[in-house]
Ligand code: MLT
């Protein structure tokens, strides 16, 4: 099904209605340099029938779309992170009304920069998501989620053991921050770098099916 392209709350986004009203809606968050189309093939494979909501990151870094500003690789503008995370939560609220999602039902599927903003959404705006699949995330906000703010939510953190951008301590620290809020976190490590491999897809599929 060809997605429609829309504009809501300052975000351009793609939306695909899906064919299964009982399937969980997914929020797709692309990596640096990507766009709203990138994760649609993967999401359609992982969750056929699910409605897909896919905003484009509205920070332009030398022509590359991102979800928040950075000063260099892994050095983040934390004020911008907070502002853009709040703006994305507003987009989610507007899109949920417009497309009739139950509030808090969206499962984020984010890669790299998109996984990072999904994590900051969980930390700062926990009611925005029902859970998340974080592909190659790192710790951006080095602070625990508020106690009980993530109770009942499931999160998959999928890392690569040769990732040159994400050192091995990050997935564990991020998991601890989300567990502080009560999230049930699954850690999965593939023999991989920053790019995704088939083991990542299998772990995402198992997570969604369970
Ligand atoms: C990226 O290149 O996107 C980084 O690894 C993650 C980020 O900057 O958020």
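Numbering (the working numbering), first residue to last: 1 to 210. Built from N, CA and C at the ideal position, the CB exists for glycine as well. All of these numbers come straight from a predicted model, not from anything done at the bench.
task = Might you give, ordered along the chain, the residues of its own chain that have their beta carbon closer than 6 Å to the beta carbon of residue 20, omitting 5 neighbours on each side?
result = 49
query = Distance, Cα to Cα, residue 7 vs residue 13?
reply = 6 Å
message = Taking 7 Å as the threshold (C-beta atoms), are residue 133 and residue 214 in contact?
response = No statement about residue 214 is possible, as the shown extent of the chain runs from 1 to 210 and does not include it.
query = Comparing the CB of residue 116 with every heavy atom of ligand 1, is any distance shorter than 6 Å?
reply = yes
For residue 188, the three-state DSSP class (helix, strand or coil) = strand
task = Please name the residue in 32, 188, 121, 147 whose C-alpha comes closest to that of residue 130.
result = 121
ask   = Since residue 124 contacts residue 85 with CB under 8 Å, what's their CB separation in whole angstroms?
value = 5 Å
inquiry  = Closer than 8 Å is the cut-off here; do at least three beta carbon pairs connect the region 30-47 with the region 62-77?
reply    = yes
task = Could you give the DSSP three-state label for residue 166: helix, strand or coil?
result = coil
query = Per DSSP, what kind of secondary structure is residue 47 in: helix, strand or coil?
reply = coil
message = With a threshold of 6 Å (Cβ to nearest heavy atom), would residue 32 be considered close to ligand 1?
response = yes
ask   = Looking only at C-alpha atoms, which of 60, 142, 27, 204 sits nearest to residue 103?
value = 27
request  = Work out the CA separation of residue 126 and residue 182 for me, nearest whole Å.
outcome  = 11 Å
task = Answer yes or no: the CB of residue 113 versus the heavy atoms of ligand 1, is any distance below 6 Å?
result = yes
ask   = At what residues does the alpha helix (DSSP H) containing residue 81 begin and finish?
value = 78-99
Chain-order list of residues whose beta-carbon lies under 6 Å from that of residue 96 (same chain, five-residue window excluded) = 103
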